[in-house]
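Participant: Numbering (full-length UniProt numbering), first residue to last: 1 to 373.
If you scroll down you'll find the structure; I have some questions about it.
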């Protein structure tokens, strides 16, 4: 890790238990005023830094998928880079399938230089759409296309000379190579991330049959198993030469009581659930609690939320937890207040329990058998 605690998979492992890092994610979906949503969320990132969050994550979605309003993170993170000083800036995730990876490498290199090395580059395939074919770079083979483009981006970041030419990426940025994470549920892609010495980032909710309240635990267990596989392959490939890094995204809707949190969450996410029902992601006949849980959104007091998170088997296996209250219709000030409650009242409980679970698992020891037990 660097001096600021920014993850760096290419640094040697120490075998010591680090502190759990905490991020906060925004989809820029808090309200409908498109004229101010970008400026409002810049203020949110600045507030997250003031509160003490380790990282701020921005969801990148094309065609306003899931109400998210940012199709590309580069301009927004350029502004965030020069208006903050400490907080890490994470992409969740850059849908690389729709980009030229060398052009993307140029963009992220510029942003990283603007931020003095605070960019954490989450790469993924993007939320599926029936309109992606409009992009010239679209590849129907999502898994193979993603890996090929991720490796091409790394090739560019590492300063490789262009085949048949004399040039290499400018501005150069070899240090960003240690801050790249693959986002995928495909086991071959996960294995490739580990073999390449990259990090691993996991989404908040499941897909298809995993999107029911009853399947929530199974989804969490499936994600935990994918982390175990990642860590095992990383260990087998790199030993103590590099440090694996896992980022886990989770929602947590806080309130002074369980009942008030449920009532508020049910009201604030109704817009999302109506949209999700129209596209077949949520059954509108379900109760509000079942609709929330199908999206992996718990609610309650900080104590209840901490217990819920610590019962998730993927939490102890992760190095950074990215919290969010989305999908919810809030003002930015309301979002900032929720973020404050989560950091000041929920996070201390989670960090304490996480450390105890981490020690029991022995996950930071340089032994594969302890990781997979």
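We treat Cβ as the ideally placed atom computed from N, Cα and C, and that holds for glycine.
1. Residue 3: buried (16+ other C-beta within 10 angstroms of its C-beta) or exposed?
2. Can the beta-carbon of residue 198 be found closer than 8 Å to that of residue 176?
3. If we count the other Cβ atoms within 10 Å of its Cβ and call it buried at 16 or more, is residue 133 buried or exposed?
4. Buried or exposed: which applies to residue 250, given that a residue is buried once 16 or more other Cβ atoms fall within 10 Å of its Cβ?
5. Using a 10 Å radius around the Cβ and a threshold of 16 neighbouring Cβ atoms, would you call residue 21 buried or exposed?
6. Excluding five sequence neighbours on each side, which residues of the same chain lie with their C-beta closer than 8 Å to the C-beta of residue 6?
7. Do you know how far the Cα of residue 295 is from the Cα of residue 361?
8. For the putative contact between residue 57 and residue 98, defined by C-beta atoms under 8 Å, what is the C-beta separation to the nearest angstrom?
9. Pop quiz: residue 71 and residue 91 are said to be a contact at Cβ under 8 Å. What is the actual Cβ separation, rounded to whole angstroms?
10. Give the DSSP bridge partners of residue 253, in chain order.
11. If we ignore side chains and look at the alpha-carbon of each, how far apart do residue 280 and residue 127 end up?
12. Examine chain B for any beta-carbon lying closer than 8 Å to the beta-carbon of residue 203, and answer yes or no.
13. Checking 8 Å against the spacing of the C-beta atoms, do residue 324 and residue 37 come in under that value?
14. For residue 309, count neighbouring C-beta atoms within 10 Å of its own C-beta (all shown protein chains included) and say buried if the count is 16 or more, exposed if not.
15. Would you report the Cα separation of residue 319 and residue 248, rounded to the nearest angstrom?
16. Which residue marks the beginning of the alpha helix (DSSP H) containing residue 242, and which one marks its end?
17. In this structure, does DSSP put residue 13 in helix, strand or coil?
18. Indicate the three-state DSSP secondary structure (helix, strand or coil) for residue 354 in the structure shown.
19. Going by the DSSP bridge assignment, what does residue 88 pair with across the sheet?
20. Under 8 Å: do the stretch 204-217 and the stretch 285-304 share three or more Cβ pairs, one atom per stretch?
21. Does the Cβ of residue 341 lie closer than 7 Å to at least one heavy atom of the ligand NAD?
22. Are the CB atoms of residue 230 and residue 190 nearer to each other than 8 Å?
23. So residue 200 is in the alpha helix (DSSP H); what residue range does that whole segment cover?
24. So for residue 69, helix, strand or coil by DSSP?
25. Does the count of Cβ pairs from the stretch 251-259 and the stretch 339-347 closer than 8 Å reach three?
26. Here's a check: name, in chain order, each residue in its chain whose Cβ is nearer than 8 Å to the Cβ of residue 12, leaving out the five neighbours to either side.
27. Report yes if the CB atom of residue 104 is closer than 8 Å to the CB atom of residue 94, and no otherwise.
28. I'd like the span of the alpha helix (DSSP H) that includes residue 341, first residue to last.
29. Tell me which same chain residues have a C-beta within less than 7 Å of the C-beta of residue 68, skipping the five on either side of it?
30. Run through DSSP, which three-state label would residue 3 get?
31. Using a Cβ distance threshold of 8 Å, determine whether the stretch 321-335 contacts the stretch 40-49, with at least three qualifying pairs required.
32. Which of the three DSSP states, helix, strand or coil, is assigned to residue 119?
33. So, at 8 Å on beta carbons, what are the nonlocal neighbours of residue 53 in its own chain, with the 5 sequence-adjacent residues on each side left out?
34. Excluding the 5 residues preceding and the 5 following residue 173 in the sequence, name in chain order all residues of the same chain whose CB lies nearer than 6 Å to its CB.
35. Within a Cβ cutoff of 8 Å, which residues of the same chain sit near residue 35, ignoring the five residues on either side of it in sequence?
36. Expressed to the nearest angstrom, what Euclidean distance is found between the alpha-carbon atoms of residue 264 and residue 245?
Facilitator: The answer reads as follows:
1. Model confidence at residue 3 stands at a pLDDT of 35, short of 50, so the residue's coordinates are unreliable; what they give is reported in the following sentence. Exposed.
2. no
3. exposed
4. buried
5. buried
6. 88, 117, 118, 120, 179
7. 28 Å
8. 19 Å between Cβ atoms; not a contact.
9. Not a contact, Cβ separation roughly 12 Å.
10. 299
11. 14 Å
12. Of the protein chains in this structure there is only one, and it is not chain B.
13. no
14. buried
15. 8 Å
16. No alpha helix (DSSP H) holds residue 242; DSSP gives it neither H nor E.
17. coil
18. helix
19. 55
20. yes
21. No copy of the ligand NAD appears in this structure; indeed no ligand is present at all.
22. yes
23. From DSSP, residue 200 is part of no alpha helix (DSSP H) but of the beta strand (DSSP E) over 199-202.
24. coil
25. yes
26. 240, 241, 242, 243
27. yes
28. 332-341
29. 27, 28, 29, 59, 61
30. Its pLDDT being 35, under 50, residue 3 is placed unreliably by the model, and the measurement read from it follows with that caveat. Here residue 3 sits in coil by DSSP.
31. yes
32. strand
33. 22, 23, 24, 87, 339, 343
34. 109, 112, 157
35. none
36. 34 Å
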